[in-house]
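One structure below.
There are 2 protein chains.
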Amino acid sequence: MKTDHPFLQMFGIKTPLIKPGDNIAEIIANSLEKQGLQLQDNDVLVIAESPVATSEHRLVLLDDVRPSEKAVHLAEKYQLDPREMELILQECDEIFGGVPGAALTITRGTLAPNAGIDSSNAPDGYVVLLPKNPQESAAGIRRYIQDRCNCKIGVIIGDSRTQPLRLGCVGIAIGTSGIVPVEDARGTFDLFGKELKITRKAVADNLVSAAQLLMGEAGESVPAVLIRGSPARVVDTDMEMPLFSRDECMYYSNIRKA
Amino acid sequence: MKTDHPFLQMFGIKTPLIKPGDNIAEIIANSLEKQGLQLQDNDVLVIAESPVATSEHRLVLLDDVRPSEKAVHLAEKYQLDPREMELILQECDEIFGGVPGAALTITRGTLAPNAGIDSSNAPDGYVVLLPKNPQESAAGIRRYIQDRCNCKIGVIIGDSRTQPLRLGCVGIAIGTSGIVPVEDARGTFDLFGKELKITRKAVADNLVSAAQLLMGEAGESVPAVLIRGSPARVVDTDMEMPLFSRDECMYYSNIRKA
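Which chain is which? The protein sequence lines are A and B, in order.
First residue of the first sequence: 0, per numbering that gives the first Met the number 0; consecutive thereafter.
First residue of the second sequence: 0, per numbering that gives the first Met the number 0; consecutive thereafter.
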């Protein structure tokens, strides 16, 4: 096989179950060693948000939550547990509407059904909130692993989302560190030499979707994936994830407020 | 490296420029050989929709299009070329609204800005419509390549989409053949042994997003990617792409009609 062709490899990283208070960066680094994988410059680690949140004590026992009147009302409207609805209200920036079983929210700048709160992969009676600041989570994990492995990598905290009118979940990056998460292809040229005008590539989101092929949603204990050979640009800063402006978004401008 | 860990490889396939009337399946098979790649059972080929459409004579010279009154009106509303707006009206099932530069449509069951019509990677003055029936395109390519390479593979026709309130394009499968495009994880169990209730995995969409890491949007001449080691289930039938029901979709039910 010639080497001048694009080539990418992904390695699923199996770990023990992540528990509250665990150092997830250390656990992932240990698991990499155990699997005989040595990190290289420009590698990208994608880590699922749920174990990150668990390690950061973001588990909440539903029985400890006292729903407000507003939460009780909205829980009925969207057919949700009033205690979960209370947490959604506390976590989200905005609620737009929803369907039975899901309130459509913006949470930390990202569209997230039910503010990203999940009862899957949580102990019975508990839910997992999103990491408090996924950007900082990514930065902290990157610092630990770069120091230990002595190389420059990117780290992405990934979550799942449905796309409009599509069946099934795809990946979304909710925090990144050390990579350029969105590449601006404007100013480059197409096959016919015409300048591209509006094309941006959601590199970080695509890396998460790729990683989810190996992660699984259920009890598969592959909370992280090492991606080698991706075109992601590794840079030694924590870049903020840029988001579409609301006015430009063709979905948002057509969404009714609840 | 131990082999009991999930491992996936992707190979970008470089081809000559695809022209109207070309047999794209043959060109891809030739390019695979030239790169020294031999297909194996359960490999998945992701192919960009634009070269597929081009090979199927879906290029339209804008100067040949005479816009209707309705197209002129909507073109003004969405700041589009009236001739492109005419093609959008002819191609789409429905228009919901939009923003300057993009009409939000449903085209062949999928949300597609401007009915998926694109002037990138088309000769000057031309636009490329979506393949007429991406499912059939995928099936035809699969039959040719399976016969020639004597193995069972999956084929996906991929396109790019923005996600709500996100910057940058991710992948979406607009036609699949020979694989299960959406895996239903309901009835499986989480890390704590609780049954998952509503999780479906958009395997085909994730495969396209993964492939787009190597494809590039601009003039990179990597119209196809071979994915080896993915969890996609290869089956010897043409499965229809299932889509979310409109009523269940949390975005759709909150979108105003234009």
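We treat Cβ as the ideally placed atom computed from N, Cα and C, and that holds for glycine.
Every value quoted in this text rests on a predicted model; they were computed, and no experiment measured them.
Check whether the Cβ of residue 11/A lies closer than 7 Å to any Cβ atom in chain B. Residue 11/A counts as touching chain B.
Quick one: which chain B residues come within Cβ less than 7 Å of residue 234/A? Per Cβ cutoff of 7 Å: no residues; residue 234/A is ~17 Å from chain B at best.
In whole angstroms, what separates the C-alpha of residue 250/B from that of residue 100/B? Each residue's Cα considered, the two are about 21 Å apart.
Go ahead and label residue 104/A buried or exposed: buried means 16 or more other beta carbons lie within 10 angstroms of its beta carbon, across all protein chains shown. Buried is the call here.
Identify each residue in the segment 117-128 of chain B for which the Cβ-Cβ distance to at least one residue of chain A is less than 8 Å, and report them in chain order. For the segment 117-128 of chain B, the beta-carbon criterion of a distance under 8 Å to any beta-carbon of chain A is satisfied by 118, 119, 120, 121, 122 and 123.
Where do the ends of the beta strand (DSSP E) carrying residue 90/B lie? For residue 90/B, there is no enclosing beta strand (DSSP E); the residue is found in the alpha helix (DSSP H) stretching over 81-90.
Does residue 72/A have its Cβ less than 7 Å from a Cβ in chain B? Output row for residue 72/A: interface = no.
Does any CB atom of chain A fall closer than 7 Å to the CB of residue 211/B? Taking 7 Å as the CB threshold, residue 211/B lines the interface with chain A.
Just checking: is the beta-carbon of residue 82/B within a distance shorter than 7 Å of some beta-carbon in chain A? Closer than 7 Å: no.
For a cutoff of 7 Å on Cβ pairs, would you count residue 21/B as touching chain A? Taking Cβ atoms only, chain A never reaches closer than 7 Å to residue 21/B, which makes this a no.
According to DSSP, residues forming a beta bridge with residue 168/B: Here residue 168/B is bridged, per DSSP, to 200/A and 161/B.
Distance between residue 88/A and residue 93/B (C-alpha atoms, nearest Å): The straight-line gap from Cα to Cα measures roughly 34 Å.
By the 10 Å Cβ neighbour count, where 16 or more other Cβ atoms means buried, how is residue 43/A classified, buried or exposed? Label assigned to residue 43/A: buried.
Taking the continuous beta strand (DSSP E) assigned at residue 250/B, which residues delimit it? No beta strand (DSSP E) contains residue 250/B, which DSSP labels as neither H nor E.
Pick from 214/B, 61/B and 201/B: whose alpha carbon is nearest that of residue 202/A? Ranking the options by Cα distance to residue 202/A, first place goes to 214/B.
Closest by CA to residue 184/B, which one among 177/A, 167/A and 182/A? Minimum Cα distance to residue 184/B is reached at 167/A.
Determine, for residue 18/A, whether the minimum Cβ-Cβ distance to residues of chain B falls below 7 Å. By this cut-off, residue 18/A is not an interface position.
Which residues, in order along the segment 37-68 of chain B, keep a beta-carbon less than 7 Å from a beta-carbon of chain A? Residues passing the 7 Å Cβ filter: none.
Nearest residue (CA-CA) to residue 111/A, options 120/A, 119/A, 123/A and 129/A: Checked all of 120/A, 119/A, 123/A and 129/A; the closest Cα to residue 111/A is 129/A.
Taking 7 Å as the threshold (C-beta atoms), are residue 102/A and residue 120/A in contact? No.
Simplified DSSP assignment, three categories, for residue 189/B: Assignment of residue 189/B by DSSP, reduced to helix, strand and coil, places it in the coil class.
Spatial neighbours of residue 242/B within its chain, please: CB distance less than 6 Å, with the 5 preceding and 5 following residues excluded, ordered by chain position. Excluding residues within five positions, the ones whose Cβ falls inside 6 Å are 108.
If we ignore side chains and look at the alpha-carbon of each, how far apart do residue 106/A and residue 90/A end up? If you take the alpha carbons of residue 106/A and residue 90/A, they lie about 7 Å apart.
Would you call the CB atoms of residue 285/A and residue 208/A closer than 7 Å? Shown here, chain A extends from 0 to 257; a query on residue 285/A therefore has no answer.
Is the Cβ of residue 153/A closer than 7 Å to any Cβ of chain B? No, residue 153/A does not count as interfacial toward chain B.
Run through chain A and tell me which residues come within less than 9 Å of residue 221/B, C-beta to C-beta. Simply 4 and 5.
Return no unless some Cβ of chain A is closer than 7 Å to the Cβ of residue 190/B. Yes, contact with chain A.
Alpha helix (DSSP H) segment containing residue 78/B, residue limits: Secondary structure note for residue 78/B: it is in no alpha helix (DSSP H), with a DSSP letter that is neither H nor E.
Determine the chain B residues that contact residue 229/A at a beta-carbon separation under 7 Å, and present them in chain order. Close to residue 229/A, with beta-carbon spacing below 7 Å, are these residues of chain B in chain order: 212.
By the criterion of Cβ-Cβ separation under 7 Å, what are the contact partners of residue 110/B in chain A? Those within 7 Å of residue 110/B in chain A are 163 and 164.
Between residue 167/B and chain A, is the shortest Cβ-Cβ distance under 7 Å, so that the two count as touching? At least one chain A Cβ lies under 7 Å of residue 167/B.
Going along chain A in order, which residues have a C-beta closer than 9 Å to the C-beta of residue 181/B? Within chain A, the residues placing a beta-carbon under 9 Å from that of residue 181/B are 165, 166 and 167, ordered along the chain.
For residue 94/A, which residues does DSSP report across the bridge? According to DSSP, residue 94/A bridges with 104/A.
Taking its Cβ as the centre, do 16 or more other Cβ atoms sit within 10 Å of residue 149/A, making it buried, or is it exposed? Exposed is the call here.
For the candidate residues 235/B, 34/B, 205/B and 54/B, whose alpha-carbon lies nearest to that of residue 131/B? Residue 54/B is the option with its Cα nearest to residue 131/B.
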